[in-house]
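Working notes, structure below.
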Amino acid sequence: MEKKKKKKKKQKKKKKTLLAIKLKRLIFQPLCVYFKVCRILFYFLRYII
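Going by full-length UniProt numbering, the residue at position 24 of the sequence shown is 24; the numbering climbs one at a time, nothing skipped.
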């Protein structure tokens, strides 16, 4: 019984880490795009001014 419980806990941890990775991707990918756009806009503004 104890061994089975330990296995279940490990599986839950794995699922949590996978969810965390998915959430990080969902959050960081748009942030990366946002920063790239901001950088491009910043260079454009500097070039114009």
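Glycine included, C-beta positions come from ideal geometry on N, C-alpha and C. Source: prediction; values computed, not measured.
Give me the Cα-Cα distance between residue i and residue j, rounded to the nearest whole angstrom.
{"i": "F28", "j": "R46", "result": "26 Å"}
{"i": "K16", "j": "P30", "result": "22 Å"}
{"i": "K24", "j": "K14", "result": "15 Å"}
{"i": "I48", "j": "K22", "result": "39 Å"}
{"i": "F44", "j": "C32", "result": "18 Å"}
Distance cutoff 8 Å, beta carbons only. Does residue i sit that close to anything in chain B?
{"i": "L18", "result": "Of the chains in the structure shown, none is chain B; there is only one protein chain."}
Might you give, ordered along the chain, the residues of its own chain that have their beta carbon closer than 6 Å to the beta carbon of residue i, omitting 5 neighbours on each side?
{"i": "C38", "result": "none"}
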